[in-house]
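Written below as structure tokens is the structure these notes are about.
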Amino acid sequence: MSLIIAVDGPAASGKGTIAARLARTYGLPHLDTGLLYRAVGVKLLEAGRSLDDEAAATEAARSLDVAGLSDDPRLTTGEAGEAASRVAGHPGVRAALLDLQQAFAAQAVGAVLDGRDIGTVIAPDAPAKLFVTATPEVRATRRWRQLTARGFDIGFEEMLADIQRRDARDAGRGAAPMVQAEDAVLLDTTDMDIEAAFDAARRIVETAR
Ligand code: C5P
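Each number in my numbering corresponds to the 1-based position in the sequence shown with 1100 added.
Here's what the structure looks like:
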């Protein structure tokens, strides 16, 4: 039987790790949709184009080569996340990436997709929907630890400000804003480690499927 699991939530909420582990547990393909927007943003930056240029961003989205995105270190930086959030506000970019994401979700076995609008726009009929969140302070701490462990030099206050700015932009945009779907289950991971968060996520999926 096919199973589609939609995992949405803000930056550094743990949704990516949870989605990857759910995919392994249920033997499903996994798409981190944030990588698509990150790749579009990085393409524009590298071409010296403005992130506000919707036509250029839409063209970059249409011609996106999705192979190898998850192994591309250029997409993991804070700069790429910020660029992603800027281009993600363009309706043309979102439209250009829609079919690809819906085709991924339509695979015979099902799929796990994580992002901001999976439960609301990409796969509104998904039987299992999670909205994973945590306080901005806890999310900033997690992301700061990840990045400094990889050798990036960034201060905690800057990290927190980045996350709050990105939350506000993602939730406030007109096109597919980040919002919990009405039928999504809220998973607040503020006081959970990744094991506890994953166990809770699996229980939600078991109840929903
Ligand atoms: O999840 P991640 O931090 O990689 O996402 C980067 C940015 O891409 C988000 O801040 C958001 O603006 C955008 N995004 C989106 N819709 C998705 C996934 C990501 O708008 N489904």
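All C-beta atoms in this analysis are idealised placements derived from N, C-alpha and C, irrespective of residue type, glycine included.
At the level of alpha carbons, what is the spacing between residue i and residue j?
i       : j       : result
VAL1187 : GLY1215 : 15 Å
ALA1112 : ASP1267 : 11 Å
SER1310 : ALA1284 : Residue numbering for the chain in the displayed model covers 1101 to 1309; residue 1310 lies beyond these limits and cannot be assessed.
PRO1129 : LEU1151 : 31 Å
ILE1218 : THR1158 : 20 Å
THR1235 : GLY1272 : 18 Å
ALA1226 : ASP1171 : 27 Å
THR1289 : ALA1301 : 10 Å
LEU1287 : ARG1242 : 17 Å
ARG1315 : LEU1200 : The structure shown does not extend to residue 1315, since the chain is modelled only from 1101 through 1309, so no value can be given for it.
LEU1144 : ALA1156 : 7 Å
ILE1304 : GLN1280 : 15 Å
LEU1230 : ALA1223 : 12 Å
ARG1250 : ARG1149 : 28 Å
ASP1262 : GLU1182 : 8 Å
GLY1274 : THR1133 : 19 Å
VAL1258 : ARG1269 : Note that residue 1258 corresponds to Glu in the displayed sequence, not to Val. Roughly 16 Å between the two C-alpha positions.
Using a Cβ-Cβ cut-off of 8 Å (strictly less than) and excluding sequence neighbours within five positions of residue i, which residues of its own chain qualify?
i       : result
ILE1254 : GLY1178, TRP1244, LEU1247, THR1248
ARG1309 : LEU1103, PRO1227, ALA1228
Drop a sphere of 10 angstroms on the beta-carbon of residue i, count the other beta-carbons inside from all chains shown, and report buried for 16 or more, exposed for fewer.
i       : result
ILE1118 : buried
ALA1206 : exposed
MET1278 : buried
THR1307 : exposed
ALA1240 : buried
SER1185 : buried
VAL1166 : exposed
PRO1191 : exposed
PRO1110 : buried
LEU1197 : buried
LEU1252 : Before going on, a small fix: residue 1252 reads as Phe here, not Leu. When all chains shown are included, PHE1252 counts as exposed.
THR1125 : exposed
ALA1203 : exposed
ALA1228 : buried
ASP1291 : exposed
What does a CB cutoff of less than 7 Å around residue i pick up in its chain, not counting 5 residues either side in sequence?
i       : result
SER1102 : ALA1208, VAL1209, GLY1210
VAL1212 : ILE1105, VAL1107, ALA1119, LEU1122, ALA1123, LEU1128, HIS1130
GLU1154 : HIS1190, GLY1192
PHE1298 : ILE1118, ARG1121
ILE1294 : GLY1114, THR1117
ALA1161 : VAL1140, VAL1193, ALA1196, LEU1197
GLU1237 : LEU1260
ALA1180 : ARG1138, GLY1141, VAL1142, ARG1174
GLN1264 : PRO1236
Could you tell me which residues DSSP puts in a beta bridge with residue i?
i       : result
THR1083 : Residue 1083 falls outside the range modelled here, since the chain spans only 1101 to 1309, and no answer is possible.
ASP1214 : VAL1107, ASP1132
ALA1228 : ILE1105
Between which residues of its own chain and residue i is the CB-CB distance below 6 Å, once the five residues before and five after are set aside?
i       : result
LEU1169 : LEU1135, ALA1139
ALA1276 : ARG1194, ASP1217, VAL1221
Could you give the uninterrupted runs of the alpha helix (DSSP H) lying entirely in the segment 1106-1175, keeping only those of 4 residues or more?
With a minimum length of 4 residues, the continuous alpha helix (DSSP H) runs that stay inside the segment 1106-1175 are 1115-1126, 1134-1146, 1154-1162.
Suppose only complete runs of 4+ residues qualify. What are the alpha helix (DSSP H) ranges in the segment 1252-1294, listed by chain order?
DSSP runs (the alpha helix (DSSP H)) wholly in the segment 1252-1294: 1256-1272.
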